[in-house]
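First up is the structure itself, then whatever we jot down about it.
Protein chains: 4
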Amino acid sequence: MPPRTPIPLIKMDPKKAPWEQELKPHNRWHPDIPPVAEVQTGDLFRVETIDWTGGQIRDDDSAEDIKHVDLTRCHYLSGPIRVKDAEGVPAQPGDLLVVELCNLGPLPGDEWGYTGTFDRDNGGGFLTDHFPEATKAIWYFDGIYASSRHIPGVRFAGLIHPGLIGTAPSPELLQIWNDRERALVEAGEGATTLGGVLHTRPLALLPEPKGAMLGALDPEGPAWSRVAGEAARTIPGRENGGNCDIKNLSRGCKVYFPVFVEGANLSMGDMHFSQGDGEVSFCGAIEMSGFLEIKCEILRGGMEQYLTPMGPTKLHVQPLFEIGPLEPRYSEWLVFEGISVDETGKQHYLDATVAYKRAVLAAIDYLAKFGYTKRQIYLLLSCCPCEGRLSGIVDVPNAVATLAIPIAIFDQDVRPKAGGPPVGPRLITRGDVAVSTYDGTKPRTINMCMCGAAH
Amino acid sequence: MPPRTPIPLIKMDPKKAPWEQELKPHNRWHPDIPPVAEVQTGDLFRVETIDWTGGQIRDDDSAEDIKHVDLTRCHYLSGPIRVKDAEGVPAQPGDLLVVELCNLGPLPGDEWGYTGTFDRDNGGGFLTDHFPEATKAIWYFDGIYASSRHIPGVRFAGLIHPGLIGTAPSPELLQIWNDRERALVEAGEGATTLGGVLHTRPLALLPEPKGAMLGALDPEGPAWSRVAGEAARTIPGRENGGNCDIKNLSRGCKVYFPVFVEGANLSMGDMHFSQGDGEVSFCGAIEMSGFLEIKCEILRGGMEQYLTPMGPTKLHVQPLFEIGPLEPRYSEWLVFEGISVDETGKQHYLDATVAYKRAVLAAIDYLAKFGYTKRQIYLLLSCCPCEGRLSGIVDVPNAVATLAIPIAIFDQDVRPKAGGPPVGPRLITRGDVAVSTYDGTKPRTINMCMCGAAH
Amino acid sequence: MPPRTPIPLIKMDPKKAPWEQELKPHNRWHPDIPPVAEVQTGDLFRVETIDWTGGQIRDDDSAEDIKHVDLTRCHYLSGPIRVKDAEGVPAQPGDLLVVELCNLGPLPGDEWGYTGTFDRDNGGGFLTDHFPEATKAIWYFDGIYASSRHIPGVRFAGLIHPGLIGTAPSPELLQIWNDRERALVEAGEGATTLGGVLHTRPLALLPEPKGAMLGALDPEGPAWSRVAGEAARTIPGRENGGNCDIKNLSRGCKVYFPVFVEGANLSMGDMHFSQGDGEVSFCGAIEMSGFLEIKCEILRGGMEQYLTPMGPTKLHVQPLFEIGPLEPRYSEWLVFEGISVDETGKQHYLDATVAYKRAVLAAIDYLAKFGYTKRQIYLLLSCCPCEGRLSGIVDVPNAVATLAIPIAIFDQDVRPKAGGPPVGPRLITRGDVAVSTYDGTKPRTINMCMCGAAH
Amino acid sequence: MPPRTPIPLIKMDPKKAPWEQELKPHNRWHPDIPPVAEVQTGDLFRVETIDWTGGQIRDDDSAEDIKHVDLTRCHYLSGPIRVKDAEGVPAQPGDLLVVELCNLGPLPGDEWGYTGTFDRDNGGGFLTDHFPEATKAIWYFDGIYASSRHIPGVRFAGLIHPGLIGTAPSPELLQIWNDRERALVEAGEGATTLGGVLHTRPLALLPEPKGAMLGALDPEGPAWSRVAGEAARTIPGRENGGNCDIKNLSRGCKVYFPVFVEGANLSMGDMHFSQGDGEVSFCGAIEMSGFLEIKCEILRGGMEQYLTPMGPTKLHVQPLFEIGPLEPRYSEWLVFEGISVDETGKQHYLDATVAYKRAVLAAIDYLAKFGYTKRQIYLLLSCCPCEGRLSGIVDVPNAVATLAIPIAIFDQDVRPKAGGPPVGPRLITRGDVAVSTYDGTKPRTINMCMCGAAH
């Protein structure tokens, strides 16, 4: 008989700093970060994680902590976990590691989360040219539901998931990451596809010893400097999974990860109580500390059997996953469209990112008519269970993206109707999120057609 | 009492050419194309449409018709329909036109459809650099289900929708379209965000009198040449809706269109029996002739009340819509990820189009292991009810797109499992789609990591 | 290549009487009713049906037609259809007939339906002791939606299905039916389990030549009198399927019928635009004329392989079916409970019928607080897509039944909230259904606790 | 700011006996059982519960504990909880108590459950005449999923819910319960509607001091004997909610309970990891210890505003509830039908209980063809998320009940197909549940048609 209670593999105390934890988390990817725990296939084990910034953000009504967040100190990951089979043979490069997410939740005693946008000069967000200030909303959880004193009038069931989960890269894969991201940064904005449309900067985050935490690797030891200088940042998703921020990696989901190093060295963190497709505000899910109960299997040789690499090397692969049967069911949706014409009226060619930006902007303007501030809606669309779709990607020159929002999360009917949105006493205003000043000098994107209206 | 049977407003005979129809369709957008019919708000009326190419594609086993399709002759739209209220006052610019799609279906006696990819030198598709040949699959309908002799082993419930529906542009809006699209074409590939990654050409389709059909406008009359020379092509979705190819505009859906000209002048066509998000193969839904049963309402002044323009003018708006309660329900999904690194390994900055291309390529390679050709899967992913999501759009430098495919549409279990995909006698091959040769000279994108494998 | 358009197998004209139809329907079950059509497995064919009473009910505002309906003249079934395989071998007793319901809909030109309760002395209904009068509501269809001038303020998507579909009985099975139903009638109310609780009478409908219509059997021929004297009535569902009134036998569903006679002799009718579980008002779905597009397969020997008879003979079997993926999706439900204590306060033992009666009564009383008459809600709960569940069937002495109603079908919020249901100007009354007088002498069931209130 | 962590209101230790718990549970209903805790409306609080038999059943492979279970010692309920509003005013008779089930789960460290059937002479079950032996299956939980070593080859997502939750009865209501249940017992089997069809005995469980546990009421005090002699047993659901065993009272659900005593005195227990509609095997859900996180509101005067009593007194009411958005989604179902003809072939009149018994029997016989024992399927249908529907309740003389089973819970395809169910090496047998002998003398119901087959 297997044990009937999840094995408590990694514990975290959300009241302590990352470096005070018993099994120290890590915030970089590198093959030489040593495993802190080991599991066998078929074990049901429990991993606790701290929030992605390691406690930098507080449950209060000021956005100063968001404004001054230190992004070199993230994401704090629990692991690596070494996986072996029942015979004790570890996962091997070329295998697939099957990770079943059996249960997920906030850490008991720490049932809250935050959503924010970063200051434009310190990370930004999808719409940072429109919303350059740092903002914050705090969420409390009533079991499956989240609500916020900063965005009253909405409540929704969370689709809890790890924003970040993945296997360790091999040295070769790490080299590929560092090379291609450095090339992007060095080429600069002018060489990017979207440099003039999206304004989150830097273009990529290169290895940075400052703020690095390497788990069980001895900070005083001989390897630390080398590893910290090479280790990849955790911000983007990559071939190993990583920070994919896929909201459907939720309870009951099964993920198939490629294995690049012996033991697979699985790490995870950045738990989200809920997130919208795209996580548009960047610090954009309901970020929390949390736990995962997990089972692993190994498909020997599965990487070659199932994943066809596409690119210069055999390492250019992608994970895949199966969605579980327990998503929240909403039946009525309001959907906003966007096409790949930017805010200046300029036509882009089949650019889904531009199209999605337009859909999100349209949704914000629309919903703000119901008593919310635009900043509230921006955060809401980042963390509620909305769906972002690539609806049309072939009809030159316009990509069409859509953003679908479940109507039932609002305590009022937000559908269009004769007579227009509520006005006068029917319009209930609803406070605001916490906001900091933007002290930088970059220009805010202006809605040109509204300028004339001001005259 | 209202009449209890839909008013047969516009009839089409799929066996006749577009110009032989009683109420002639049109294949360009222009405010001067005269209405062919008029309805009152609250009427339930029925509009028939012919397939988007007006009968150029045949139910046979050759892709030659796809290869040589004349794209100046599309999309054939039924309408315009002038909408007035119960007092006889027509819709006015600034109103919202509410269009409820009460019922949709194929034309009786013509229950079939086609999916294809165009030749790279005649339209291409999302993956035309990988699949430059014209291909075709024919689908027959068993009521709600579609199946194809060219892609045996799959069957799915359709989510019937009009690929194209929208209101007529005003002269000002038309001018905006023509200006911005011309600017794109004139700037050329080098100035585009995605010119080096997507290879569908031309970048945009500018007004073109050749092939133009202008409905009830007299081809011998004085206005024809001017209108045909100015009228916008129907390929992209725009501020008026148009060819948005949104698969969820299905039975029970309610769309809110901005009104730009008196009467709204609603047109529609390009009926799809089913489509996947993105419609990746371009001729990519299950294209068919079909009918729509529709009800309209007018929200007076609703455009200003509900839609905030974003851009240089007040006309830069977007439609929105509500999804109905009758989508096919699938509960198990296999999901593929893509990041914004292209096939050469080059890093792009938050480009969702690149990321989605990678997700689609990964899905094709994966599913082809189950006895299908890659061309079959390419067409299948274009027309089955798969979902394309913008999962992460803020984690520099990688956008993450996902493609979710319902498992139940296959007659075999396509999930990964120990032992790998079927081989030997367990692997059932399943014919192929109709294929033409690609006679052009543009290079096919090579999967570099597989080249070495050939040596 | 198979034909791509459904074979028009049986046509019906809803404007003509049953006996004026080209292929005459039948309204009794008997093995000697000859097939009127033949199909081959794999054919997609179309069957039209007239409404179950054969046109006795009119689209008007009087319930007199319902009150005086002749129940010896129902249900009018299209068929029998003889099914053979590709080699021409007909279905054999012991096979399973697989019937896929590919598409369903109202008859074009006849898009309306009716819901009613019968007079207590002429058929009654589940709550006939509370509602003895005949009532009627007329429904019109906007594509997938139904709405009624007699029950304003509700609108819902239909789940179209045949109330009645089944294979012909063998002589042995017919004998079993007639014997057991006659035994029930002869034993009388006192011998029944529920005689004192349910008041629909007679207890069963025995063979009755009056009103009988036997399809292609010559009314002047020698067999007619014998067959009409033996043939089973169509009211109940039985081993052959029949009038099961299962609302989920809808588009995309696959039913497995036992075959009792050579050729299977499949018949169908009683099309419903929508129905609630239980069809409580008896004439209780949205009754309409309609069409079915169907495909058949034969599982040779499947009856023995898959169905275990339970009872005195090998013929005591039950059909089974698979639900399709296209049900309307509602996500929010209001649920009423009932236990097996009757209206007098008497305790019954695990009686789900009593419990369901209580749940339905509770739902009627509740919803009537929102401006509807109880008669309107009674008809609504009979025909909207509500779900009746056997929640608990073991906790002596109470069975618990629940009735779940989708909230989104109402144009007001019917959930409980502080302050109570609408009163004064907020309470909108909504007319009534058509009602006839009850001229009989049977006592209406009194809600005893409300009597005192009247004093 | 409200506290962000649930208030730990009632704690239970599943390793201790009921009488060793700090806040003692109770296993009877009586107005004089004193509250053990108090909450304010709006509080989020956590209640732990022990399993319904208070630890009588063990995690082993013998059914002896089930066979000899003491049913006078159940269900152990946590509470009563007194509810007051923010001003300190307690809930009053005539109010509605709104209970939101925010989160539910097994008790940490005790993640297992059991399903069983009782011996026919000690409680029985819905099919006890077919399955008189006590049986047991043990389930372990992998997060949202349950699986059992006693029923290999199935795994499903749980819909966790309290089988039993309700408010305390007033003295008048308690009297009504005791009177009507005593009348049933005294009238005896012959007077029941279903005495000859269902064989669970006794017909009802009358007050019984033996085994009674009355929470905080002093067992040595003067009131104990009186209260224990009057207090109602917890087996059935009643006007106060109670043991309704409604599987949809799950996460996110909101229940509206009538209040009969000051403070409402809410109690709960009998947590189920999963249950099928009907809970047919009686000890039939996956029974476990568990926790609930709950919020209460009071609707003042809501009982009169929203609940219409039906019966001799104003106390004859029923709770209602709203279903939450987080049910497991299954899209493919296999459905079995039953009509109200019993196993002897006798016709009953519109009896849904008989019809459901036939549907369950049909499902057991069918699924047992796939390598399971009938006992395994009986337990499975009692605890997996299957749906029992009252499909037709008006078509004399047959009620039609249906039982829908989600196909995806099996690791094999259980749909009918050509060639029949697996045989020979394709048929995988799967052990059995734990079974005890039935030592009683009551006759097992024989499937008459199979007897002849033995000759």
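Protein chains in written order, with our numbering: chain Y, 1 to 455; chain Z, 456 to 910; chain D, 911 to 1365; chain P, 1366 to 1820.
Glycine included, C-beta positions come from ideal geometry on N, C-alpha and C.
What you are looking at is a predicted structure, and each value in this text was computed from that prediction instead of being measured.
Residue i classed as buried or exposed, judged by whether at least 16 other C-beta atoms fall within 10 angstroms
i, result
"Arg1809 (chain P)", "exposed"
"Ser148 (chain Y)", "buried"
"Cys906 (chain Z)", "exposed"
"Thr892 (chain Z)", "exposed"
"His1365 (chain D)", "Low confidence applies here, because His1365 (chain D) scores a pLDDT of 36, under 50, leaving its location unreliable; read the following figure in that light. Burial call: exposed."
"Glu627 (chain Z)", "exposed"
"Glu932 (chain D)", "exposed"
"Gly1555 (chain P)", "exposed"
"Asp970 (chain D)", "exposed"
"Gly560 (chain Z)", "buried"
"Ala908 (chain Z)", "With a pLDDT of only 45 at Ala908 (chain Z), under 50, the local geometry of the prediction cannot be trusted, and the value read off the model is given with reservation. Burial call: exposed."
Bridge partners - residue i, DSSP secondary structure assignment
i, result
"Phe1192 (chain D)", "D:Thr1027"
"Asp1052 (chain D)", "D:Tyr1055"
"Val867 (chain D)", "Shown here, chain D extends from 911 to 1365; a query on residue 867 (chain D) therefore has no answer."
"Glu542 (chain Z)", "According to DSSP, Glu542 (chain Z) bridges with nothing at all."
"Ser625 (chain Z)", "Looking at the DSSP assignment, Ser625 (chain Z) forms no beta bridge with any residue, so it has no partner."
"Ile620 (chain Z)", "Z:Gly697, Z:Met723"
Candidates the options, of which the one nearest residue i by Cα
i, options, result
"Arg992 (chain D)", "D:Ser1250, D:Glu1172, D:Asp1261, D:Ala1311", "D:Glu1172"
"Gly1281 (chain D)", "D:Leu1014, D:Trp962, D:Leu1337, D:Pro1119", "D:Leu1337"
"Gly684 (chain Z)", "Z:Gly692, Z:Lys665, Z:Ile701", "Z:Lys665"
"Leu1291 (chain D)", "D:Trp929, D:Pro1018, D:Gly1026, D:Pro913", "D:Gly1026"
"Arg578 (chain Z)", "Z:Ala859, Z:Ala646, Z:Leu770, Z:Cys738", "A quick correction: the sequence has Gly, not Arg, at residue 578 (chain Z). Nearest option by C-alpha distance: Z:Cys738."
"Thr1339 (chain D)", "D:Lys1279, D:Pro1295, D:Ile1208", "D:Lys1279"
"Asp540 (chain Z)", "Z:Asn853, Z:Met668, Z:Ile753", "Z:Ile753"
Whole-angstrom C-beta distance between residue j and residue i, which should lie under 8 angstroms
i, j, result
"Arg1065 (chain D)", "Pro780 (chain Z)", "About 11 angstroms separates the two Cβ atoms, so there is no contact after all."
"Ala1311 (chain D)", "Ala1269 (chain D)", "5 angstroms"
"Gly549 (chain Z)", "Gly420 (chain Y)", "With 8 angstroms as the limit, Gly549 (chain Z) and Gly420 (chain Y) do not qualify as a contact, their Cβ atoms being about 12 angstroms apart."
"Met1377 (chain P)", "Ser1427 (chain P)", "No, Met1377 (chain P) and Ser1427 (chain P) are not in contact; Cβ-Cβ is about 25 angstroms, not under 8 angstroms."
"Thr583 (chain Z)", "Thr655 (chain Z)", "6 angstroms"
task: Could you run through the segment 379-392 of chain Y and flag, in chain order, every residue whose CB is less than 7 angstroms away from some CB of chain D?
output: If the cut-off is 7 angstroms between Cβ atoms, the segment 379-392 of chain Y has nothing near chain D.
query: Taking Cβ-Cβ distances below 7 angstroms as the criterion, which residues of the segment 544-575 of chain Z are in contact with chain D?
result: Cβ contacts with chain D: Cys557, Asn558, Gly564, Glu566, Trp567.
task: Check distances from the C-beta atoms of the segment 741-754 of chain Z to those of chain D and list, in chain order, the residues that come in under 7 angstroms.
output: Within the segment 741-754 of chain Z, contact with chain D at the beta-carbon level (separation under 7 angstroms) is assigned to Glu748, Lys750.
- prompt: Between the segment 42-61 of chain Y and chain P, which residues of the former have CB atoms less than 8 angstroms from a CB of the latter, in chain order?
  reply: Cβ proximity to chain P below 8 angstroms picks out Leu44, Asp59 from the segment 42-61 of chain Y.
Chain Y contacts from the segment 761-776 of chain Z (Cβ-Cβ distance under 9 angstroms): Considering only beta carbons, the part of the segment 761-776 of chain Z lying closer than 9 angstroms to chain Y consists of Tyr761, Leu762, Thr763, Pro764, Met765, Gly766, Pro767, Thr768, Lys769, Leu770, His771, Val772, Gln773, Pro774, Leu775, Phe776, in chain order.
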